[in-house]
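Before any comments, here is the structure.
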Amino acid sequence: MRLNLSKTLQIIGKIIYINIIIVAIAVCFLLIGCLFPQELIDKNIQESISVFEDEGQYPRIGDKEDSSMLDNFTDCLILMESSTMRIAELQSIFSNPLYFDVNPVAEFSNFIEKRDKTNPTGYYVRYWMGFRTLVRSMLVFMNYSQIRRFLSWVIFVLFIITSFFISSYIDIRTGVLFAISIIFVKPQVLCNSLQYSCCFILALLALFFIPIVIQKGKEIPFFLLLGMLTMYFDFYTSPLVVLGYPLIFMILLKTNEKPNVKLSLLSIVGWGIGYGTMWIMKLLCATLFTSVNGFSNGFHSFAARVGITKRSDLIEYYDIGKAFRALIRVALPDTLSRIIACITILCMIIVLIFCIIYNKLKHDQCVNYITLLFPIICTALWYMIAAQPTAIHAYFQYRNLSIVVFSGMMFYSLLVYPIKNKSKI
Numbered sequence: 133m134r135l136n137l138s139k140t141l142q143i144i145g146k147i148i149y150i151n152i153i154i155v156a157i158a159v160c161f162l163l164i165g166c167l168f169p170q171e172l173i174d175k176n177i178q179e180s181i182s183v184f185e186d187e188g189q190y191p192r193i194g195d196k197e198d199s200s201m202l203d204n205f206t207d208c209l210i211l212m213e214s215s216t217m218r219i220a221e222l223q224s225i226f227s228n229p230l231y232f233d234v235n236p237v238a239e240f241s242n243f244i245e246k247r248d249k250t251n252p253t254g255y256y257v258r259y260w261m262g263f264r265t266l267v268r269s270m271l272v273f274m275n276y277s278q279i280r281r282f283l284s285w286v287i288f289v290l291f292i293i294t295s296f297f298i299s300s301y302i303d304i305r306t307g308v309l310f311a312i313s314i315i316f317v318k319p320q321v322l323c324n325s326l327q328y329s330c331c332f333i334l335a336l337l338a339l340f341f342i343p344i345v346i347q348k349g350k351e352i353p354f355f356l357l358l359g360m361l362t363m364y365f366d367f368y369t370s371p372l373v374v375l376g377y378p379l380i381f382m383i384l385l386k387t388n389e390k391p392n393v394k395l396s397l398l399s400i401v402g403w404g405i406g407y408g409t410m411w412i413m414k415l416l417c418a419t420l421f422t423s424v425n426g427f428s429n430g431f432h433s434f435a436a437r438v439g440i441t442k443r444s445d446l447i448e449y450y451d452i453g454k455a456f457r458a459l460i461r462v463a464l465p466d467t468l469s470r471i472i473a474c475i476t477i478l479c480m481i482i483v484l485i486f487c488i489i490y491n492k493l494k495h496d497q498c499v500n501y502i503t504l505l506f507p508i509i510c511t512a513l514w515y516m517i518a519a520q521p522t523a524i525h526a527y528f529q530y531r532n533l534s535i536v537v538f539s540g541m542m543f544y545s546l547l548v549y550p551i552k553n554k555s556k557i
């Protein structure tokens, strides 16, 4: 009993130590962002105004489906928040001051004047907004339109390289299914949004480290770090892709080894701990270094989002069924796509029954294949807990489903044709 308690305390101590180190690095990273020349940043922000005036808040790309909708409201806010981080006002890196009354897109044209001459209208203290340093670095050289083009190159190059990278470690089938899962969430829309692209860039980059992490036996600390980075750069746009894609890749690389159910579960828990503790550390920093009570602000918002306290004007959105229906409408907008999805699921069930009846799989492989369903379970739980924001923001929340598509298709395909021993680790 004492040994277990001692080991638990050691683990807690390590988590706290890692959090302190990462938070120190995170704050330094934001401070570096303050050093970029404000004049160049403001110049490129001024050049970006016309984009938002022409497109409005929620334009669509290519078609009229909700899955093609951009969130210019948030992207405009991202540019504003990146601009307000000033070296002369260091508390701004924790307080995230707001300088608009109702609609940042409509009020963007006079934002700089309002920022320099008036007090903030509010604060976004519950978010790290770690992306601000990266956005500021881009704003030194590019306006918003040019940033979009740059993101297009980054995302599509990463997409191609990671597809080949996965294929080289496992097989072509896996690389193709990975590519399909990314195509499912419309990468042409992703690359036109600062908000949407963040988690996917982080997830794709994380894939390159998985073979090294496995080789060194550092899977759990790695997922702990990934959880912290997810919270640092993005709160809830599509955070599960940063957990799901690396987790699926790790499971696939270990398919022919001993069952890894425990490792997969601990990796998920590690990611969750990193995600949660990094948020707590942000609330603590806001409380210590600004005039705003970060804990009160953060937990009040969290309670309203998950339904602990329900906003009367949003009461209809707390329904879990409504959240899942909203996701289906976005992900499968027409009858044909829903029929194809139903047929695919039916085939998966039939093949599963066939494999059970004829005992086609080894026990260890069956256990490892089942772990591919963990990302699906995590995604379902996420949508159930966060039903309100999911129902309201299904047009971007649905992108978490990309890991459901990848893990589901891999599970189905492995039942038919298991992975042969092909590991470069």
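FYI, my numbering numbers position 127 of the sequence shown as 259, with every residue one higher than the one before it. Ideal Cβ positions, reconstructed from N, Cα and C, are used throughout, including at glycine. All values reported here derive from a predicted model rather than from experimental measurement.
Pull up the CB-CB distance for residue i and residue j, whole angstroms please, since I reckon it's below 8 Å.
{"i": "I400", "j": "L375", "result": "7 Å"}
{"i": "L283", "j": "S329", "result": "5 Å"}
{"i": "S539", "j": "L505", "result": "7 Å"}
{"i": "G402", "j": "L464", "result": "About 33 Å; that fails the 8 Å criterion."}
{"i": "V393", "j": "V483", "result": "22 Å between Cβ atoms; not a contact."}
{"i": "R264", "j": "M217", "result": "5 Å"}
{"i": "R437", "j": "Q520", "result": "6 Å"}
{"i": "I193", "j": "V321", "result": "5 Å"}
{"i": "L326", "j": "I210", "result": "5 Å"}
{"i": "V462", "j": "Y530", "result": "4 Å"}
{"i": "A523", "j": "Y449", "result": "4 Å"}
{"i": "L396", "j": "T503", "result": "The displayed chain sequence assigns Ser, not Leu, to residue 396. Sure, about 5 Å apart at Cβ, within 8 Å."}
{"i": "I279", "j": "S215", "result": "Actually they do not touch by this definition, with Cβ atoms about 13 Å apart."}
{"i": "I342", "j": "P507", "result": "With a Cβ gap of about 14 Å, I342 and P507 do not count as contacting."}
{"i": "Y259", "j": "K246", "result": "Going by Cβ atoms, the distance from Y259 to K246 rounds to 21 Å, so no, they are not a contact pair."}
{"i": "I298", "j": "L339", "result": "7 Å"}
{"i": "G262", "j": "A158", "result": "6 Å"}
Give the DSSP bridge partners of residue i, in chain order.
{"i": "L230", "result": "G254"}
Evaluate residue i with the Cβ neighbour count: other Cβ atoms within 10 Å of its Cβ, from every protein chain shown; 16 or more gives buried, anything less gives exposed.
{"i": "Y501", "result": "buried"}
{"i": "R268", "result": "buried"}
{"i": "N79", "result": "No statement about residue 79 is possible, as the shown extent of the chain runs from 133 to 557 and does not include it."}
{"i": "S534", "result": "buried"}
{"i": "L385", "result": "buried"}
{"i": "D248", "result": "exposed"}
{"i": "T516", "result": "One point to set straight first is that residue 516 is Met, not Thr, in the sequence displayed. So M516 counts as exposed."}
{"i": "S138", "result": "exposed"}
{"i": "F365", "result": "buried"}
{"i": "G359", "result": "buried"}
{"i": "R443", "result": "exposed"}
{"i": "K196", "result": "exposed"}
{"i": "A311", "result": "buried"}
{"i": "M133", "result": "At M133 the pLDDT is 49, less than 50, meaning the model places this residue with poor confidence and gives no usable figure here."}
{"i": "S469", "result": "exposed"}
{"i": "E171", "result": "exposed"}
{"i": "C160", "result": "exposed"}
{"i": "N151", "result": "buried"}
{"i": "T511", "result": "buried"}
{"i": "L309", "result": "buried"}
{"i": "K146", "result": "exposed"}
{"i": "F543", "result": "buried"}
{"i": "K348", "result": "exposed"}
{"i": "I154", "result": "buried"}
{"i": "G453", "result": "exposed"}
{"i": "I551", "result": "buried"}
Would you please verify whether the beta carbon of residue i is less than 7 Å from any beta carbon of chain C?
{"i": "K454", "result": "In the structure shown, chain C does not exist; there is a single protein chain."}
Is residue i near the ligand SAM, with its Cβ less than 6 Å from a heavy atom?
{"i": "W285", "result": "For the ligand SAM, the structure offers nothing, since it holds no ligand at all."}
Next on the checklist: Would you call the stretch 252-269 in contact with the stretch 287-295, where contact means no fewer than 3 C-beta pairs closer than 8 Å?
Outcome noted: no
Item to check | Secondary structure, alpha helix (DSSP H): runs of 4+ residues fully inside the stretch 188-227 | outcome: Runs found: 204-216 and 224-227.
Item to check | At least 3 beta-carbon pairs within less than 8 Å: the stretch 176-183 vs the stretch 216-230 | outcome: no
Checklist entry - Which ranges does the beta strand (DSSP E) cover as unbroken runs of at least 3 residues, wholly within the stretch 362-395, from first to last along the chain? => result none
Checklist entry - Quick check: the stretch 305-320 against the stretch 270-282, are there 3 or more CB pairs under 8 Å? => result no
Item to check | Three CB pairs or more closer than 8 Å across the stretch 417-432 and the stretch 162-173 | outcome: no
Checklist entry - Any chance the stretch 192-202 sits against the stretch 293-313, with 3 or more Cβ pairs inside 8 Å? => result no
Checklist entry - Taking three-plus beta-carbon pairs below 8 Å as touching, is the stretch 233-242 in contact with the stretch 403-417? => result no
Item to check | Inside the stretch 393-476 only - alpha helix (DSSP H) runs reaching at least 4 residues | outcome: 393-421, 426-438 and 452-463
Checklist entry - With contact counted as at least three CB pairs below 8 Å, one residue from each stretch, are the stretch 329-338 and the stretch 359-371 in contact? => result yes
Next on the checklist: Quick check for students: name the residue ranges of the alpha helix (DSSP H) that lie wholly in the stretch 310-367, counting only runs of 4 or more.
Outcome noted: 319-322, 326-339, 342-348 and 351-365
Next on the checklist: My parser needs the alpha helix (DSSP H) runs of 4 or more residues fully inside the stretch 498-545; what are they?
Outcome noted: 506-517, 519-524 and 526-529
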